[in-house]
Amino acid sequence: MQTKFEILKKGDTVVNVWDNKIAVKKPNGDVEIFSFYTDENGLTRLSNDTILVTQGHKSVSKKIEVKELDNAFLEVSTF
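Be aware that the sequence shown starts at 380, since it is given in the numbering used here, and climbs by one per residue.
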């Protein structure tokens with residue numbers, strides 16, 4: 380059986396695949412880590428949450444969708 384992940388955009392390259400994660404390097408040097416899992420029906424699914432590793436000064440932020448507002452996002456950072 381083969382599982383196909385259509386997650387690459389033009390210029391992206393796969394850096395690594397391990398356990399249930401796929402690391403993708405973007406053309407600008409950022410690396411996005413995708414997680415996948417098997418659901419209760421035995422189907423492979425991509426998690427909606429990813430990890431984005433980028434240049435910065437040791438800060439962490441999280442962008443979340445605000446469901447009550449159409450296409451609104453909130454970004455919270457730590458320093």
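Glycine is no exception: its CB is placed at the ideal position from the N, C-alpha and C atoms. Please read all numbers here as calculations on a predicted model, not as lab measurements.
* To do: Please go through the same chain and pick out, in chain order, the residues whose beta-carbon is closer than 6 Å to the beta-carbon of K400, but skip the five residues on each side of it.
  => I412 and S414
* Compute the Euclidean distance between the alpha carbons of N395 and K404, then round it to the nearest angstrom. => 9 Å
* Nearest-angstrom Cα distance between L422 and F384? -> 13 Å
* Distance, Cα to Cα, L387 vs N427? -> 15 Å
* Cβ-based neighbour list, L431, same chain, cut-off 7 Å, excluding 5 preceding and 5 following -> D409 and E411
* Can you tell me whether DSSP reads I386 as helix, strand or coil? -> coil
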